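Colleague: Going by our numbering, the residue at position 154 of the sequence shown is 154; the numbering climbs one at a time, nothing skipped.
Questions regarding the structure given below will be posed in turn.
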Amino acid sequence: MELWLIAKRGPTPLDPSVVATVEKSRGLTVAALKRKYRELIGEESRSSNKQFLFRRIAWHLQAKAEGDLSERARCRVAAIADDQDLRTPGLQASANQPPEPTPGSIAGLNGPQRDYRLPKPGTLLMRRFRGREILVKVLDQGFECQGHHYGSLSAIAREVTGTRWNGLLFFGLTERRHG
């Protein structure tokens with residue numbers, strides 16, 4: 001199997017030595033992959049999933065050989081990890097764009113980043129659903145609804161409706177994008 005790097009200039013074959021190292025890693029045991037992960041990344045892996053470990057090692061080797069993600073890509077990854085609406089086309093400049101990271105920081109890598117679409121802590125959000133009023137208090141870390149603490153608005157929406165919802169959409173903090 002040949003590995004390819006997809007770059008702006010189009011698909012190009014990876015350096016054969018990187019390919020050989022990745023392929024050699026494919027046959028390692030979970031314990032050996034965890035050692036290699038610690039050696040390459042400099043920290044213990046919390047996962048014992050063989051495919052996860054292999055993919056992280058392969059990505060790290062490729063990034064080391066070909067260059068890491070751009071700042072823009074890192075910001076997008078952090079935004080997706082923050083449960084932002086995935087239907088947003090591209091990274092268009094708009095009023096809903098997150099603030100630019102400060103010099104020397106990488107969004108999402110210096111601790112948890114607060115979602116710019118959320119109101120400030122202490123704000124009360126209200127939504128009527130099937131004749132029931134749902135009242136949510138925004139906290140510094142998470143949300144409070146009916147005396148219970150939740151990590152996300154999506155968790156509250158799922159609890160209320162019995163189905164998966166984007167919490168920001170459910171509480172009217174973002175709009176569904178069409179197009």
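For glycine and all other residues, C-beta sits at the position ideal for the given N, C-alpha and C.
Values in this document were obtained by computation on a predicted structure and should not be read as measured data.
When you compare only the Cα positions, how much space is there between L125 and G131?
Modeller: As a working mapping, residue 125 is identified with position 125 in the sequence shown. As a working mapping, residue 131 is identified with position 131 in the sequence shown. Their backbone Cα atoms lie some 16 Å apart in a straight line.
Colleague: Just mark G42 as buried or exposed, buried being the case when its beta carbon has 16 or more other beta carbons within 10 Å.
Modeller: Within the sequence shown, residue 42 is the residue found at index 42, counting from 1. Exposed, because fewer than 16 other Cβ atoms sit within 10 Å of the Cβ of G42.
Colleague: If you measure between the beta carbons of L153 and F171, is that distance less than 7 Å?
Modeller: Reading the sequence shown from its first residue, position 153 is the one you call residue 153. Reading the sequence shown from its first residue, position 171 is the one you call residue 171. Contact: yes.
Colleague: Taking the beta carbon of K36 as the centre, do at least 16 other beta carbons fall within 10 Å, making it buried, or is it exposed?
Modeller: Locating residue 36 in the sequence shown gives position 36, where the first residue counts as 1. Burial call: buried.
Colleague: Helix or strand or just coil, what does DSSP make of Y116?
Modeller: The sequence position of residue 116 within the sequence shown is 116, counting from 1. Coil at Y116, not helix or strand.
Colleague: Just to confirm the assignment, what range does the alpha helix (DSSP H) spanning E66 have?
Modeller: Here the question's residue 66 lines up with position 66 in the sequence shown. Unbroken alpha helix (DSSP H) run through E66: K50 to E66.
Colleague: Three or more beta-carbon pairs under 8 Å between the segment 46-53 and the segment 66-79, yes or no?
Modeller: Short answer: they don't touch.
Colleague: Which residues bound the beta strand (DSSP E) around Q129?
Modeller: The sequence position of residue 129 within the sequence shown is 129, counting from 1. The question names Gln, but residue 129 in the sequence shown is Phe. Start and end: L124 to F129.
Colleague: Between the alpha carbons of R177 and L28, how many angstroms are there, rounded?
Modeller: Position 177 of the sequence shown, counting from 1, holds the residue named residue 177. Position 28 of the sequence shown, counting from 1, holds the residue named residue 28. Computed Cα separation, rounded: 44 Å.
Colleague: Going by beta carbon distance, what residues of the same chain come within less than 6 Å of L139, once the five residues before and after it are set aside?
Modeller: Along the sequence shown, read from residue 1 onward, the residue named residue 139 stands at position 139. These residues qualify, in order along the chain: P121.
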